[in-house]
Structure formats: structure tokens, C-alpha cells
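Here the sequence shown stands for residues 0 to 112, numbered as in numbering that gives the first Met the number 0. Below is one structure; the comments refer to it alone.
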Amino acid sequence: MAPATGQVIDTTLWVTDGGVNTVVRAGNTVYIGGGFTRVGPATGGGVPLDISSGELVRPFPKVAGVVFATAADGSGGWYIGGSFTAVGGLPRSHLAHILADGRGPTGAGPPST
Numbered sequence: 000m001a002p003a004t005g006q007v008i009d010t011t012l013w014v015t016d017g018g019v020n021t022v023v024r025a026g027n028t029v030y031i032g033g034g035f036t037r038v039g040p041a042t043g044g045g046v047p048l049d050i051s052s053g054e055l056v057r058p059f060p061k062v063a064g065v066v067f068a069t070a071a072d073g074s075g076g077w078y079i080g081g082s083f084t085a086v087g088g089l090p091r092s093h094l095a096h097i098l099a100d101g102r103g104p105t106g107a108g109p110p111s112t
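Dropping the structure here:
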């Protein structure tokens with residue numbers, strides 16, 4: 000018997016801000032309904048926003064978990080603290096440094112947006 004493998008999560012799918020109770024496909028359209036008010040791309044637990052437009056500032060590393068605090072590093076980047084297990088696909092627990100160009104943590108690896 001072959002060993003079991005885990006499901007690979009498709010990080011390009013969109014997410015809701017609440018529970019989905021029903022899904023129906025009609026042709027090439029999928030309709031969803033539930034207790035949500037927004038649907039959008041999965042960005043992770045912390046994202047930078049442009050102060051004038053409210054748009055995402057890209058690139059930025061995805062945070063797997065929740066960010067509770069941010070602090071500027073004085074060079075255009077920031078430190079994040081919270082309950083997370085990875086930043087930009089790299090293992091990080093509770094504290095990470097994101098560089099001004101969006102690389103993180105501490106410049107390791109390409110950003111994942």
C-alpha cells in the first residue's frame with residue numbers, strides 16, 4: 000500500500016471573510032453563499048497598504064498566521080510580531096523582519112504574493 004500524501008493548498012484561490020454554506024456550479028460560474036461580506040485573494044495575516052489608495056503594496060511575503068504588532072525598522076521595512084508559523088514560505092515563529100523591498104523574512108528567499 001502506498002503512503003498517504005497531504006493535500007496541496009492552492010494559494011491562488013480567493014477566500015471569504017466568513018463561512019461558506021453553499022456552493023453551486025452553473026456552466027463556468029460558481030455561486031457561493033454564506034455568512035460573509037467580502038471575497039478576495041488570500042493575502043495572509045499581514046499586508047502593507049498604500050496610505051492614499053488603500054491598495055496592497057507589492058511585493059510582500061505571506062504570513063501564515065495572525066499579526067498582532069508591527070514596528071518600523073527605520074529603513075522602510077518593518078518588524079512583525081504575532082501568532083504565526085511562517086513568513087514568505089520560511090519557518091518563523093512569532094517574530095520576523097520584512098525588508099523595505101518586500102523581501103522577508105530578513106531578505107531570505109523571494110516574496111510570495
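Ideal Cβ placement from N, Cα and C applies to all residues, glycine included. The structure displayed is predicted, hence computed values, not measured ones.
Counting contacts by CB-CB distance shorter than 8 Å, is residue i in contact with chain C?
i   : result
G45 : Among the protein chains of the structure shown there is no chain C, as only one such chain exists.
Going straight from the alpha carbon of residue i to that of residue j, what length do you get?
i   : j    : result
G32 : A99  : 39 Å
V23 : G34  : 16 Å
S52 : P104 : 26 Å
G17 : Y30  : 15 Å
S74 : R91  : 21 Å
G48 : V7   : Residue identity check: residue 48 is Leu in the sequence provided, not Gly. Rounded to the nearest angstrom, the two C-alpha atoms are 29 Å apart.
Helix or strand or just coil, what does DSSP make of residue i?
i   : result
N27 : coil
A99 : coil
D9  : coil
P58 : coil
Would residue i and residue j qualify as a contact pair, given that the criterion is a beta-carbon distance under 8 Å?
i   : j   : result
V62 : F83 : yes
G44 : V65 : yes
W77 : A85 : no
So the beta strand (DSSP E) residue i belongs to, where does it begin and stop?
i   : result
G81 : W77 to V86
F67 : V62 to A71
P40 : V38 to P40
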